[in-house]
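The sequence shown begins at 2 in this note's numbering and counts up one residue at a time. For each residue, glycine too, the CB sits at the ideal point set by N, CA and C. Structure, as structure tokens:
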Amino acid sequence: MAFNAMWKPGPQAVAGMQGNGSANPALVIYLDPDSLAILPPSDPAAWPEFIRLLRQIRDSADELAVFLDKHKAVCDDDTGPE
């Protein structure tokens with residue numbers, strides 16, 4: 002897997018769905034200061050693959066969050082009072 006760009010979120014970073022109930026929904030990630038919008042394909046026939054991608058993003062984000070939580074706990078234990 003190759004990455005063409007790396008963004009590091011700032012302190013005001015947020016993510017959410019934009020256009021809920023509209024004809025142009027998107028997953029939007031405001032990275033502070035950059036932003037990324039992930040739009041569904043215009044052809045509903047391509048939606049199953051797009052839905053698969055969204056679920057992979059969700060699952061991978063959850064895996065990373067669990068990893069970081071565990072790593073933070075280890076770091077907290079290492080820097081705690083003796």
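Could you check how far apart the C-beta atoms of residue i and residue j are, in whole angstroms? I think they sit under 8 Å.
i, j, result
"Asp-44", "Ala-14", "Between Ala-14 and Asp-44 the Cβ distance is about 31 Å, and since that is not below 8 Å, they are no contact."
"Ala-27", "Leu-40", "5 Å"
For residue i, which residues does DSSP report across the bridge?
i, result
"Ile-39", "Leu-28"
"Met-18", "Leu-28"
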